[in-house]
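The working numbering puts the first residue of the sequence shown at 3, with every later residue one more than the last. All residues carry an ideal CB built from backbone N, CA and C; glycine is no exception. None of the values given here were measured: they were computed from a predicted structure. Below: the structure, in structure tokens.
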Amino acid sequence: MASLVQHLGLFLLFFLPLSLVSCHSHHHPLDSLTPSEFRQVQAIVNGSNPGSSHNVTFQYVGLDEPDKPALLSWLSNPNSTTLPPPRRAFVITRLHSQTHEIIVDLSTQSIVSDKVYSGHGYPLLTSEEQTAASELPLTYPPFIASIRKRKLKLSDVVCSTFTVGWFGEEKSRRVLKILCFYTDGTANLYMRPIEGVTIVVDLDEMKITEYHDRLTVPMPEAEGTEYRLSKQKPPFGPRLNGVSSMQPDGPGFKIDGHNIRESFCSDNIGVQGGLNNLASLNQCPWVGLNSENKWANWDFHVSFDARAGLIISLASIYDLQKRTFRRVLYRGYLSELFVHIWIQLRNGRIMWRHTEVEIPGEEIREVRPEVSLVVRMVATVGNYDYILDWEFKPSGSIKLGVGLTGILEVKGVSYTHTSQIKEDVYGTLLAHNTIGVNHDHFLTYHLDLDVDGDANSFVKANLETKRVKDNISPRKSYWTVVSETAKTESDAQIQLGLKPAELIVVNPNKKTKLGNYVGYRLIPGSLSSPLLSDDDYPQIRGAFTKYDVWITPYNKSEKWAGGLYMDQSRGDDTLAVWSQRNREIENKDIVLWYTIGFHHVPCQEDFPVMPTLSGGFELRPTNFFERNPVLKTKPPTYGHWPNCTTKP
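Next up, the structure:
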């Protein structure tokens with residue numbers, strides 16, 4: 003596992019049209035902690051340990067999410083004088099080799115609880131301790147001797163931290179594995195591993211406790227590993243023509259603090275159903291808005307967390323016929339390291355179209371271009387980069403995309419041609435002395451759907467083949483839909499691809515005028531189930547990947563599919579373990595967990611930097627609206643570029 007560097011500082015980068023005028027919003031209960039609140043937390047926690055404050059390390063600091071019923075109650079009465087839920091922080095610290103879970107009340111400047119964790123696993127690593135650990139080999143005499151033996155320059159050696167996992171040990175200490183690389187002419191350090199050296203660091207003592215120099219392997223060449231444009235040499239590939247876009251009607255979304263609204267509506271549109279307490283249009287004016295363009299509005303809250311990264315909350319879609327916003331998602335996130343967020347409108351797709359030529363004397367062409375709102379986070383986890391998109395479509399769909407890029411993890415070998423390989427090398431020869439290692443990626447989304455309310459059910463609409471009876475048709479068979487509602491958690495554990503079905507989260511208490519339950523459907527992308535044996539230690543820890551879909555009843559403490567403490571965990575506090583209780587999920591406040599999997603067999607095109615590999619899934623309205631919600635959408639106004647002419 004590549005090194006995980008956790009940041010408390012939040013790097014927020016919005017690429018917004020110049021015509022957008024932002025305005026300050028009131029503090030929302032789901033807003034991320036501010037820098038001043040981080041300092042508050044640090045002072046309060048250190049103040050409770052006056053004699054040991056310099057020994058306290060903060061492994062995690064984040065918002066202690068308010069209780070959902072209390073928050074929804076407060077949001078449902080925006081004009082009430084009722085105070086919002088208490089503003090609290092959840093803190094994980096290390097002190098005297100113990101892990102503490104602390105709740106800090108920021109309004110009262112006090113500690114609500116301080117519990118010592120006694121289970122398996124350790125908290126997130128801090129950047130400070132990872133940096134300190136990675137620097138230890140550079141002054142460690144046995145390592146310096148190993149570098150000299152390999153005729154390498156110590157000044158060009160870079161070391162990085164990697165977690166050690168768990169392989170059945172009875173007891174474990176809080177340790178890291180150190181891997182070192184050789185630059186010497188390239189910034190692509192991951193392509194030049196120093197093989198044969200094992201280094202283990204005890205983080206509590208901050209010293210090397212295990213060192214082995216087992217063997218010497220040829221160092222992969224630096225030639226051809228650079229990915230920086232400034233370091234490339236001719237011949238070059240063709241230059242890509244630039245593409246620009248313009249917004250003649252002004253921006254199509256508004257940011258008010260952490261709240262984002264797409265195609266912000268005029269003040270005759272009612273805000274109902276427990277939405278964000280946003281300022282009205284006349285309180286937050288912005289320039290360049292086409293007031294007629296008020297269809298398919300999305301309204302949601304964005305916040306950030308050192309572990310989850312981007313969090314989307316309180317996502318609601320405007321229903322033109324009902325003239326109100328309707329809740330779709332209470333909270334959704336993915337546990338990854340984030341770097342920055344990027345928000346823009348995306349166009350170029352078709353929302354709907356039809357050409358009709360069957361009517362005598364007429365030819366009808368109708369098309370509506372699609373403009374959607376994309377919230378993007380880029381996560382760098384060691385050598386890999388993840389591009390994570392939330393795309394909000396005017397039709398009510400939410401598409402979640404994952405792109406994998408960055409640098410492969412490789413190992414150095416003696417081989418320079420595939421004809422020399424007579425054994426399983428667990429990967430592909432990418433360059434001389436370089437094997438790209440076979441590996442997996444599994445990304446699990448926590449999606450607390452509230453489809454038009456928080457009481458939902460999970461329906462499997464099975465597509466089944468039926469035989470034609472009694473010779474009523476020359477056809478021999480047809481297919482139909484046989485629906486079943488999951489009663490308990492075990493009914494909703496789905497391995498996709500085994501049986502055709504549509505998976506729908508419905509509100510059993512709400513129907514359309516025609517009598518269909520309102521719902522949202524999960525449309526999966528490409529599928530990759532785990533290939534490890536159930537009794538293999540990595541799979542024991544990652545048992546939540548066994549099923550593509552899980553449904554659990556909402557529980558504030560069940561946030562991370564792999565458990566709160568992932569480092570050296572033993573798989574005893576995961577989604578797979580929680581679901582063994584087989585709780586009732588029908589007509590309950592439920593959470594959908596969906597895992598995207600990738601089996602990556604490296605190829606030479608992935609060297610020296612990997613072109614983006616993409617996947618994803620979609621949440622699509624299913625009988626949520628009374629009709630096509632974008633039927634009456636007016637196409638955007640097309641502008642004219644200056645100094646441009648069209649030649650006949």
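Residues that DSSP places opposite residue i in a beta bridge
i    : result
R90  : D107
A463 : S485, E504
I201 : I180, Y213
K590 : N458
D569 : Y124
Q100 : L97
P623 : Y522
M394 : It is worth fixing the name first, because residue 394 is Phe in this sequence and not Met. F394 pairs with L375, I400.
D321 : T326
W354 : R370
A189 : Partner(s): none; A189 has no beta bridge.
K117 : E103
F164 : K179
H30  : Answer by DSSP bridge pairing: none, since H30 is not bridged.
Residue environment, residue i, which counts as buried when at least 16 other CB atoms sit within 10 Å
i    : result
E338 : Low confidence applies to E338: its pLDDT is 35, below 50, so where it sits in the model is not reliable, and the reading given next is rough at best. So E338 counts as buried.
K395 : buried
W725 : As shown, the chain starts at 3 and ends at 650. That puts residue 725 outside it, with no answer to give.
D538 : exposed
L20  : With a pLDDT of only 26 at L20, under 50, the local geometry of the prediction cannot be trusted, and no value is derived from it.
V23  : Because the pLDDT of V23 is 31, which lies under 50, any placement of that residue in the model is unreliable, and the question is left without a value.
P476 : exposed
Y480 : exposed
S293 : With a pLDDT of 23 at S293, under the threshold of 50, the predicted position of this residue should be treated as unreliable, though the coordinate-derived value follows. Its Cβ having fewer than 16 others within 10 Å, S293 is exposed.
V114 : exposed
L15  : Confidence is the limiting factor: at L15 the pLDDT is only 28, short of 50, which leaves the residue's position unreliable and the question unanswerable from this model.
P631 : buried
H26  : Here H26 scores only 38 on pLDDT, less than 50, and its place in the model should not be relied on; the value that follows carries that caveat. Label assigned to H26: exposed.
N57  : exposed
A147 : exposed
S369 : Here residue 369 is Val; the residue named in the question, Ser, does not match the sequence. Counting Cβ neighbours within 10 Å, V369 comes out exposed, since fewer than 16 surround it.
L35  : buried
F619 : buried
M208 : exposed
F145 : buried
Y428 : exposed
Q234 : exposed
N473 : exposed
T357 : exposed
Distance between beta carbons of residue j and residue i, contact taken as under 8 Å
i    : j    : result
V219 : S416 : 6 Å
Q61  : P139 : Contact flag wrong, Cβ pair sits at about 23 Å.
S528 : G617 : 6 Å
E197 : K413 : 6 Å
V93  : V63  : 5 Å
Residue-chain proximity (residue i, chain D), Cβ-Cβ < 9 Å
i    : result
E228 : Included in the structure is just one protein chain, with no chain D present.
Test item: CB-CB of residue i and residue j under 9 Å
i    : j    : result
L156 : V330 : no
F627 : T514 : yes
K478 : V470 : yes
A135 : I180 : yes
D591 : D493 : no
R333 : E67  : yes
V1   : V166 : What is shown of the chain runs 3 to 650, which leaves residue 1 out entirely.
F460 : T547 : no
W392 : L505 : no
T534 : V507 : For clarity, residue 534 is Leu in the given sequence; the question names Thr instead. No, the Cβ-Cβ distance between L534 and V507 is not below 9 Å.
M353 : T635 : yes
L410 : F609 : yes
L73  : P31  : yes
R194 : T141 : no
A317 : I400 : yes
Y671 : D301 : For residue 671 there is no data in the structure shown, the boundaries of the chain being 3 and 650.
D442 : R328 : no
V579 : T407 : no
R622 : G398 : yes
I724 : N299 : No answer is possible for residue 724: it lies beyond the span of the chain, which begins at 3 and ends at 650.
D69  : P86  : no
The stretch 581-590 in contact with the stretch 410-426 per 3-pair CB rule at 8 Å: Under the three-pair Cβ rule at 8 Å, the stretch 581-590 does not count as touching the stretch 410-426.
Does the pairing of the stretch 445-460 with the stretch 602-612 give three or more beta-carbon distances under 8 Å? Touching, no.
Does the stretch 493-512 touch the stretch 380-396, meaning 3 or more C-beta pairs lie closer than 8 Å? Proximity of the stretch 380-396 to the stretch 493-512 falls short of the contact definition, fewer than three beta-carbon pairs being nearer than 8 Å.
Three CB pairs or more closer than 8 Å across the stretch 431-445 and the stretch 494-509: Output reads no: the stretch 494-509 does not touch the stretch 431-445.
Across the stretch 38-46 and the stretch 74-85, are there enough close Cβ pairs to call them in contact, namely three or more that are closer than 8 Å? Inter-segment contact for the stretch 38-46 and the stretch 74-85 is absent: fewer than three beta-carbon pairs are separated by less than 8 Å.
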